[in-house]
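*Asks:* Heads up: the protein sequence lines correspond to chains A and B, in order.
Count the first sequence with full-length UniProt numbering and you get residues 1 to 221, in order.
Count the second sequence with full-length UniProt numbering and you get residues 1 to 221, in order.
Protein chains: 2
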Amino acid sequence: MGSNRRDDLGAYVRNPESFPKDVIYQNEEFVAIRDKFPKSSLHLLLLPRDRIKMRKHPFEAFKDAEFLEKVKVEAGKLQKLAASELRRMYGKDSAQEKVRQAALDAHPPPDELPAGRDWVKEIKCGVHAVPSMNDLHIHVIAVDHYSERMKHRKHYNSFATPFFVPLEDFPLKSDDSRWHPEREGYLRRDLVCWRCGRNFGNSFEKLKTHLWKEFGEWKKI
Amino acid sequence: MGSNRRDDLGAYVRNPESFPKDVIYQNEEFVAIRDKFPKSSLHLLLLPRDRIKMRKHPFEAFKDAEFLEKVKVEAGKLQKLAASELRRMYGKDSAQEKVRQAALDAHPPPDELPAGRDWVKEIKCGVHAVPSMNDLHIHVIAVDHYSERMKHRKHYNSFATPFFVPLEDFPLKSDDSRWHPEREGYLRRDLVCWRCGRNFGNSFEKLKTHLWKEFGEWKKI
DNA sequence: TATTCCGATAGTGAC
DNA sequence: GTCACTATCGGAATGAG
Ligand SMILES: Nc1ncnc2c1ncn2[C@@H]1O[C@H](COP(=O)(O)O)[C@@H](O)[C@H]1O
Ligand SMILES: Nc1ncnc2c1ncn2[C@@H]1O[C@H](COP(=O)(O)O)[C@@H](O)[C@H]1O
Ligand SMILES: [Zn+2]
Ligand SMILES: [Zn+2]
Chain A
1 MGSNRRDDLG AYVRNPESFP KDVIYQNEEF VAIRDKFPKS SLHLLLLPRD
51 RIKMRKHPFE AFKDAEFLEK VKVEAGKLQK LAASELRRMY GKDSAQEKVR
101 QAALDAHPPP DELPAGRDWV KEIKCGVHAV PSMNDLHIHV IAVDHYSERM
151 KHRKHYNSFA TPFFVPLEDF PLKSDDSRWH PEREGYLRRD LVCWRCGRNF
201 GNSFEKLKTH LWKEFGEWKK I
Chain B
1 MGSNRRDDLG AYVRNPESFP KDVIYQNEEF VAIRDKFPKS SLHLLLLPRD
51 RIKMRKHPFE AFKDAEFLEK VKVEAGKLQK LAASELRRMY GKDSAQEKVR
101 QAALDAHPPP DELPAGRDWV KEIKCGVHAV PSMNDLHIHV IAVDHYSERM
151 KHRKHYNSFA TPFFVPLEDF PLKSDDSRWH PEREGYLRRD LVCWRCGRNF
201 GNSFEKLKTH LWKEFGEWKK I
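1. Given 8 Å as the limit, is there contact between the region 180-187 of chain B and the region 113-120 of chain B, that is, 3 or more CB pairs closer than that?
2. CA-CA distance, A/Met1 and A/Asp7?
3. Here's the rule: buried if 16 or more other CB atoms are within 10 angstroms of the residue's CB, otherwise exposed. What is B/Thr209?
4. With respect to 7 Å, is the separation between the Cβ of B/Asp8 and the closest non-hydrogen atom of ligand 2 below this value?
5. Along the chain, which unbroken stretches of the alpha helix (DSSP H) at least 4 residues long are found entirely within the region 15-99 of chain A?
6. What do you reckon, is the C-beta of B/Glu122 under 7 Å from a heavy atom of ligand 4?
7. Do you know whose CA, among B/Cys193, B/Phe164, B/Val127, B/Gly76, lies nearest B/Lys213's CA?
8. Hey, would you say B/Leu47 sits closer than 8 Å to B/Phe59, going by beta carbons?
9. Check whether the Cβ atoms of A/Ala82 and A/Lys220 lie closer than 8 Å to each other.
10. Could you check where the alpha helix (DSSP H) with B/Ala142 kicks off and where it finishes?
11. Cα-Cα, which of A/Asn134, A/Phe37, A/Lys70 is closest to A/Glu28?
12. To which residues of the same chain is A/Phe62 closer than 6 Å at the C-beta, ignoring the five residues directly before and after it?
13. Give me the residue from A/Lys206, A/Met150, A/Phe164 with the minimum Cα distance to A/Ala129.
14. Distance check for A/Asp135 and A/Arg55, CA to CA, integer angstroms please.
15. By the DSSP assignment, the beta strand (DSSP E) with A/His128 in it spans what residues?
16. Can you give the Cα-Cα distance for A/Leu191 and B/Glu148, rounded to whole angstroms?
17. Cβ of B/Arg198 versus every heavy atom of ligand 4: is any distance shorter than 7 Å?
18. Helix, strand or coil: how does DSSP classify B/Phe204 here?
19. State yes or no: is the C-beta of A/His139 within less than 8 Å of the C-beta of A/Leu45?
20. By DSSP, does A/Phe159 sit in helix, in strand, or in coil?
Below you can see the structure in the form of structure tokens.
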């Protein structure tokens, strides 16, 4: 009966104060944490605390429209928080941020302040069509996939194919092919760069090297 | 432009006396040797010595009916010789041979002596649809595929699929699919036990373990 | 052809 | 499609004078 790692996320929900380094915030309905094995340079998880819902498959849990709406709202908040963190991390490298900073530093500053980079766009929120961890969790993750912990094809394709289902796509229509992800073989697909579309076939290490280069350019936008 | 290993069989033909351990016999037209990397417990090669023919692809060389006939005759001789060797190797394990031996030892011996095992049936003669070694050679090989040198799928499938073309199938008809072996993907096929037909998919090591068991039973027939 | 190197793939066990 | 460990599988390069 197995207590194995697949149930480890439950501990954050039951006992968030035991993980001060990992828990970003908590409230009555959610706990937000840092993913322990991040698949991008920033990777957070939103964990609903409802005892019933948290043991359901996300597709099942999100059939409850009211619950789905609460999750979307909370994920939106966490996404903004994550965007702020991206700004702190990469703002100094970003061309768009430099333009804004230059305007701020100008004497006198211009009437219209450039907006700076929209980091929210660089973060995706969603679930895996077949989660491996048993407790309901929503990924809030930067698009870069620049991480040493991203170690194989399934790691990558679980975020880079329709296997990753964005929160905004819920509720799924009844004919959506993502209801039957195994048939679709999403995780077996060729490895394709999320940024330039280059196809790396089965060559994970080559993709990873390439993603390192893409990361260097992406943070500088 | 190369002198590489693919030409190594030529040395046996040009200079058979240099390989006394490997050469089984020689005459004006052929040299018979032991395969240096045997893919069965007994694996011989018949090498035609004709300077022109020996540099041709077997399908091309065998278009010459007279030559083909000579090869068939010589291969038949070598096959019988190999059968004798199999009898020496496994006769003591063979049930059919034991019956014959018991009859021989009886007092008085019966009028009809049991034939003993037909070892010729356990030896196949033929060529690979796409040989890797450049000098013409005909495999004379026991069916067992019990050998440490059989190390990967292509080794096995080159003898266990239509990639192996028995001598008796020549001349090939013009519509024979073996004229175009690449298209057929013979070497990529699932691994299937020659004896019981069990399918091992891509699991070469599991097949090999199984072949060890089959060998133990096969020699006892 | 064989050998070697490296990387991709597949199965397992985890309390 | 948890991670971590192992064994196996698979392609690519090599080679010679
Ligand atoms: N103990 C853990 N603490 C935090 N995150 C984890 C832990 N174990 C696994 N994860 C993450 O949980 C996520 C599960 O993803 P999935 O079940 O495929 O939707 C992965 O991103 C893992 O990196
Ligand atoms: N130097 C060698 N001496 C004897 N046999 C060899 C040598 N090199 C390779 N072989 C065998 O030659 C055969 C070539 O098979 P193929 O070219 O695929 O028909 C294989 O069975 C090898 O084991
Ligand atoms: Zn790219
Ligand atoms: Zn079998």
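From the three backbone atoms N, C-alpha and C, an ideal C-beta is built for every residue, glycine too.
*Replies:* Straight from the coordinates:
1. no
2. No answer about A/Met1 holds up, because its pLDDT of 48 lies below 50 and its placement is not dependable.
3. exposed
4. yes
5. 58-61, 65-90
6. no
7. B/Cys193
8. no
9. no
10. Run containing B/Ala142: none in the alpha helix (DSSP H); it sits in the beta strand (DSSP E), 138-142.
11. A/Lys70
12. Leu68, Phe170
13. A/Phe164
14. 5 Å
15. 123-128
16. 37 Å
17. yes
18. helix
19. yes
20. helix
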